[in-house]
Amino acid sequence: MGRGKELTKEQIAAISSLTLVGKDNIEISAITGLALRSVQRWTKKCKDAGDSDPPLQKKRTGKARLTSQRTLKVVQRQVDLEPRISAKELREKNPRLFQDVSVRTIQRRLRNDLCFQYRAPRRKPILTTLQKKKRLLFCKKYLAWEPEKWKKVLWSDEATFTVTGNRGGKVRLRAGSDPYHPKYTEGTVKHLDSVMVWGAFGYHGTGELVVSPKNLTVNKKRYFSLLADHLEDCFIACQSEIFQQDGAPAHTTKLVRSWFEWVGVDYIRDWPGNSPDLSPIENIWALMKRRLRGRDTSTVPKLVAQLQDIWANLDPSLLQNLALSVPKRLQSCRKKKGYPTKY
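First residue of the sequence shown? That's 1 in full-length UniProt numbering, and the numbers climb one at a time after it.
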């Protein structure tokens, strides 16, 4: 264990004088405010010195630090104001503080002394002032819902998955073998095929995962046809009563809204734009993309088969926790005044 903070000459003299008048270690520690272990060490030195002058603090070995506590406070203030600033830029902005300090040393101080991590920023949608206002109004309105009502919501969305060329994890390469032999490589193409899927889940389960033909996106006609064919079955499978969809253009067309009114679908009409953090189904898409890693998705049929397998084996407790996480999402959004949350 390294040595603690050095004592000043005045503190050492105080310990020496109190020792001479017969005070014990506990009393000296209480009077001076110093740690008992430090007092014990220095009273022993004073007694060993006898009637001579009190001993002095030994000078520490090693090179003195080039950055003081004051310098670290200045750095901390600058990094708090500019989180993207690099160690090199800090050195250039403070030539008097860091004239003899290397960039590597500044990096160590940021990491070890100030506990700053240098990492890529989280990716979140850009929100306008109007969108943040709508998010706050939405949170205020729907925080009044009881958990039982959130159990009746059917959460839906689309996601795109791409053929990766991955045939299932790493390969074992013998020492001295050619790493560019075809059996040790994976083929890539410039424009990868992709599939768009539509899925819905609720507190009580999942509906069918609908897979579109490869490289095909959703427009208003395809989305209307998809709902007409699968929405009722999803409501039954998930035991849901209220439909949720985001504000994508294909979702909010007059054709879709008129059909909802005609068939009597109860749905959340005022879902705020650019708010994937409020929808728990986004967590399922992220989970599925993670579980695809290491699986064979080298062709569209194989990719679709893996997606169907992951979707069919989602843990029921996961679905329940996600469905009941919505109030916490709304509270977090309101606390952040409409800005993106951690979800």
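Think of the CB as a built atom: it goes at the ideal place given N, C-alpha and C, for glycine as much as any other residue.
No Cβ-Cβ contact shorter than 9 Å links H230 with W259. The beta-carbon separation of I28 and T43, rounded to 7 Å, stays under the 8 Å limit for a contact. The region 241 to 255 and the region 265 to 275 touch, with three or more beta-carbon pairs separated by less than 8 Å. Under the three-state reduction of DSSP output, D80 falls in the helix class.
One Cα belongs to E282, the other to T253, and the distance between them is close to 22 Å.
For E158, the enclosing beta strand (DSSP E) begins and ends at 153 to 162.
Taking 9 Å as the cut-off, the Cβ atoms of T299 and V163 count as close.
DSSP places V210 in the strand class (E or B) of the three-state scheme.
Among the bridge pairs identified by DSSP, W259 is matched with none. Between the beta-carbon of I284 and that of L303 there is about 17 Å, and that puts the pair past the 8 Å contact cut. Residue state for Q11 is assigned as helix, using DSSP reduced to three classes. In chain order, K149, K152, V153, L154, D266, Y267, I268 place their CB closer than 8 Å to the CB of I242, counting only its own chain and leaving out the 5 sequence neighbours on each side.
For the options N321, L287, S325, S177, the alpha carbon positioned closest to that of F161 is the one of L287. Per DSSP, the continuous beta strand (DSSP E) segment holding V197 begins and ends at 194 to 202.
Here the region 123 to 140 makes contact with the region 323 to 336; the two share three or more CB pairs at distances below 8 Å. When DSSP states are grouped into helix, strand and coil, I85 belongs to the coil group. By the Cβ neighbour-count rule, E146 is exposed, with fewer than 16 other Cβ atoms within 10 Å of its own.
Between the region 316 to 325 and the region 201 to 221 there are three or more inter-stretch CB-CB distances shorter than 8 Å, so the stretches are counted as touching. When secondary structure is reduced to three states using DSSP, F98 falls in the coil class, being assigned neither helix nor strand. Judged by beta-carbon spacing, I15 lies within the 9 Å limit of C46, meaning their Cβ atoms are closer than that value. Just so you know, the alpha carbons of P179 and L173 end up roughly 7 Å apart. Secondary structure at Q244: strand, using DSSP grouped into helix, strand and coil. DSSP, reduced to helix, strand and coil, places D296 within a strand of the structure shown. CA-to-CA, the gap between C238 and L319 works out to about 11 Å. In this structure, the beta-carbon distance from T71 to L97 falls below 9 Å. By the beta-carbon neighbour count (other beta carbons within 10 angstroms, threshold 16), L143 is exposed.
With contacts defined by Cβ atoms closer than 9 Å, K93 and Q69 do not form a contacting pair. In this structure, A87 places its C-beta atom within 9 Å of the C-beta atom of R104. In the DSSP assignment, Y267 is bridged to F243. The beta-carbon separation of P95 and P276, rounded to 44 Å, does not stay under the 8 Å limit for a contact.
Straight-line spacing of the CA atoms in R119 and K214 works out to 35 Å.
Counted as a single uninterrupted DSSP element, the alpha helix (DSSP H) harbouring I31 occupies residues 25 to 32. Spanning the alpha carbons of L278 and Y343 requires a straight line of approximately 7 Å. The C-alpha of K335 lies about 9 Å from the C-alpha of T341.
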